[in-house]
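Novice: Protein chains in written order, with the numbering used here: chain E, 1 to 473; chain H, 1001 to 1473.
Structure (structure tokens):
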């Protein structure tokens, strides 16, 4: 057991004494000891009078503020973020989206052409290079993508064209707050559509909005599509996607009858009535107010940016026609933060099931001095190897910290495993080693615990995951 | 065939006339028409007297310069980059690496503490926020990671700790050149090791260097580990990893006898002899000069950064001990660019096999007016569905541009497919529809073509890929 490497045969390094804790890592199995999850200890937490909701992610070792609005995204949360990105990728690919990468540094002249260099003003980070040329750090990329597409577009056959990226964005928020929800550096998915005319562009708009709805549905989130204001973006059609949340910054009106929703911002003051002005011809008093976190938006842009960057094609009459554009964003880190904060407590993180960082944690109990500890670790590895196949290949993790029992005892390890919200906890105590070995299986999603025979546990879990939509990395 | 959706049943949108070209996308199959691959046409290319090696990637529609040193990474190349990132992730996970994300904006005080704010000088992009606080755009993250780890490290049991990220970096190159090889915005993998003493730190150093060797081996690249100078990083042990390339910017000396290598930079002028000073006691005249592209580096840092950021642990004697650090980089975009430029020609991109963006392209020939075109497209889809399973699930693409035959004829489509370097091309001509249907299968890696019976082609390809190491997204 100590010298043979199942997964990466022949590549095992001979380990010196100080690397013993790393032993399991070299087997290619994922272990808690190799993950950096710097949880605040309970004693540290109680030091601050009450744990505010805002620090749930920091206390759980998922996030750490560097400076206001700037965050370290720690390993477990980063894994969820990459899974979220993969879900978005899947849905964007399905509607013909093509993913590319643009530079964060955007030359000033592009934004001067579109007139936004001054409009966004202090919200933009601006800088100069050593040759004294001016740039901004991209908060959004309409100008860049238009420049790129304008270089190549030569036929209407290249459209509909739906380009997107998922990457860092920058915004010099005057008061960064609410963690990743209003940060100065954050991740966004931004898609840009190019179509031959307005009708086609609005068709793209619908198709992309439908993809958004599918994404939020897969995440199991209560998201509402809301009529919105176009603001500085240009164009005349715009919707936002709001995650309903008590501490959301926006006020949303939803009509009970037509189920349409509207951002309070779009109403002029004095315009606020209790009646829905979207229900045509009908009288309706049932408008409800909610609070929401804006996690997505869609803008039909018309030709504002295609004119600024000369994005044209030649039609049948040999005339140059400006391309119709749309712009579509999802705030990836904002969505992640808001979804976790809404559903979690200071004792348990609750992940959207599809992007759970790890689905199963195996926790062998015991201490280094127990003779049974070695056997429990061995059993944990056997279970790991049986479970970590197919779509669960990278979804299992062993809490191998038996050797740390002085500083991190079994109680702490169980508490941490609960906090991290693994959907399944497999707890290996001494009774697992008995001949009629039973194992405690905790389903953290529905809160149930059951003792299950060791021979049946793998089948049981695999059956559950056959049907469950999970994203794997 | 036109109304039933196999993969995403029930989610098919009713398509208006202008979206017909998108039809195949909605089937969840990957198609060339939905990818943005803006190749230069042959006529555009010949306009410039000779296609320089440097423009291979731009001509192939993989890369596009925005401004000097700033690049759009276009969809096909981006896919290769994400595969490269996944290969690196796999090898970093195997040695216990834990992946996190740090902000690009680094507050000035961190770099002032380490003394590097002035050392790097004009190479750094510097900027101020609206509150007049100073930042740089991170070219490397020793200071940031030390700050982060220093906050949490409280026990020697947390080590060895190996944290890494794969993300954008910034460097204000005075003369950006050679595409992504010397860009001002680029992607790097940077790992930082934290160990209890020097011996343990040098052990981490070896383990991480071995992982680098595995990465380059999987990529099939001729990479040499070279004794190097630590430069502004601090510490006294350093190695670079060089991809041997005729147009590399560095000069490398390799000893025929001990196989050790050295960067010319590490030698003082006048020190250059034809003898190896690493071969102890032996006389050896066989030193060879090569040129190389630096695609990786490793630094043993000692306690330079742990002292600046107070990263300590308490030992058995209750003394505070500064942690020993190492820093390890791989230039992700530089590696990608250099590997492609070395192996490719202006007629054919040659990918490192493991990160090939798509492994199989199905090209049905014909034009919209042919009656057989519909049948060929149908056949292409049937083949796609049989091939795109298991590890090939996202590796097949159909060139569905039959409807474009006026602007993009069969000859052009075949030429483009050759240029993009798919390992396998499946070419469907009319003979594929005959009863004894044979299909042309082109193996672009060894240049062979064969006619293979339609019933055998799937088995043939699947057998090949059972053994081939490919990265899938």
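Glycine included, each C-beta is placed from N, C-alpha and C at the ideal position. These figures come from a predicted structure and were not determined experimentally.
1) Measure the Cβ-Cβ separation of residue 172/E and residue 1385/H and say whether it is below 9 Å.
2) Can you list the residues of chain E that residue 1152/H reaches, using a CB-CB cut of under 7 Å?
3) For the beta strand (DSSP E) that contains residue 1185/H, what are its first and last residues?
4) Can the beta-carbon of residue 102/E be found less than 9 Å from the beta-carbon of residue 167/E?
5) What first and last residue would you give for the alpha helix (DSSP H) that runs through residue 1081/H?
6) On a Cα-Cα basis, can you pick out the residue from 1174/H, 1082/H and 1431/H that is closest to residue 1121/H?
7) Reducing DSSP to helix, strand and coil, say where residue 410/E ends up.
8) In terms of DSSP beta bridges, what is residue 1364/H paired with?
9) Excluding the 5 residues flanking residue 1451/H on each side, which residues of the same chain have their C-beta closer than 8 Å to its C-beta?
10) DSSP three-state label for residue 1388/H, please.
11) Could you give the uninterrupted runs of the beta strand (DSSP E) lying entirely in the stretch 1311 to 1368 of chain H, keeping only those of 3 residues or more?
12) Residues of chain E with CB closer than 7 Å to the CB of residue 1099/H, please, in chain order.
13) If you draw a straight line from the alpha carbon of residue 133/E to that of residue 118/E, how long is it in whole angstroms?
14) Exposed or buried, which one is residue 463/E when buried takes at least 16 other CB atoms within 10 Å?
15) Roughly how many angstroms separate the alpha carbons of residue 390/E and residue 148/E, rounded to a whole number?
16) Of the choices 1287/H, 1332/H, 1326/H and 1097/H, whose alpha-carbon is the least far from that of residue 1256/H?
17) Determine the contact status of residue 242/E and residue 293/E, defining contact as a CB-CB distance below 9 Å.
18) Out of curiosity, what's the CA-to-CA distance linking residue 49/E and residue 227/E?
19) Along the chain, where does the alpha helix (DSSP H) that runs through residue 1136/H open and close?
20) By the 7 Å beta-carbon criterion, what residues does the stretch 104 to 125 of chain E contribute toward chain H?
21) Look at the alpha carbon of residue 1449/H and the alpha carbon of residue 1443/H, and state the distance between them as a whole number of angstroms.
22) Could you check if residue 997/H is buried or exposed, using at least 16 other CB atoms within 10 Å of its CB as the buried criterion?
23) Where does residue 446/E fall in DSSP's three states?
24) Hey, residue 181/E and residue 87/E are a contact pair by Cβ (cut 8 Å); roughly how many whole angstroms apart?
25) Does any residue of chain E bring its CB to less than 9 Å from the CB of residue 1440/H?
26) Please report the residue range of the alpha helix (DSSP H) in which residue 1216/H lies.
27) Where residue 362/E and residue 1203/H are concerned, what is the direct C-alpha to C-alpha distance, given to the nearest angstrom?
28) For the alpha helix (DSSP H) containing residue 305/E, name the first residue and the last one.
29) I think residue 312/E touches residue 320/E, with their Cβ atoms under 8 Å apart; what is that distance to the nearest whole Å?
30) Which residues mark the beginning and the end of the alpha helix (DSSP H) in which residue 1150/H is found?
31) Could you give the distance in angstroms between the alpha-carbon of residue 1091/H and the alpha-carbon of residue 1336/H?
32) Which word fits residue 329/E, buried or exposed, when buried means at least 16 other C-beta atoms lie within 10 angstroms of its C-beta?
33) Drop a sphere of 10 angstroms on the beta-carbon of residue 240/E, count the other beta-carbons inside from all chains shown, and report buried for 16 or more, exposed for fewer.
34) Going by DSSP, which residues form a beta bridge with residue 1032/H?
35) Which residue's Cα is closest to the Cα of residue 198/E: 124/E, 94/E and 326/E?
36) Any Cβ of chain E within less than 9 Å of the Cβ of residue 1354/H?
Specialist: From the atom records:
1) no
2) 38
3) 1185 to 1195
4) yes
5) 1075 to 1094
6) 1174/H
7) helix
8) 1428/H
9) 1438, 1439, 1440 and 1441
10) coil
11) 1312 to 1314, 1320 to 1322, 1324 to 1331 and 1360 to 1364
12) 75 and 78
13) 17 Å
14) exposed
15) 40 Å
16) 1287/H
17) yes
18) For residue 49/E, the pLDDT reaches just 42, beneath the cut-off of 50, and the residue's location in the model is therefore unreliable, although a value from the coordinates is still provided. If you take the alpha carbons of residue 49/E and residue 227/E, they lie about 41 Å apart.
19) Looking at the DSSP string, residue 1136/H is not in any alpha helix (DSSP H); the run it does join, the beta strand (DSSP E), is 1134 to 1137.
20) 104, 105, 107, 122 and 125
21) 6 Å
22) Any property of residue 997/H remains undetermined from this structure, which presents chain H solely from 1001 to 1473.
23) coil
24) Incorrect: roughly 19 Å between the Cβ atoms, too far for contact.
25) no
26) 1198 to 1218
27) 29 Å
28) 304 to 308
29) 4 Å
30) 1142 to 1152
31) 17 Å
32) buried
33) buried
34) In the DSSP output, where bridge partners are listed per residue, residue 1032/H has none listed.
35) 326/E
36) no
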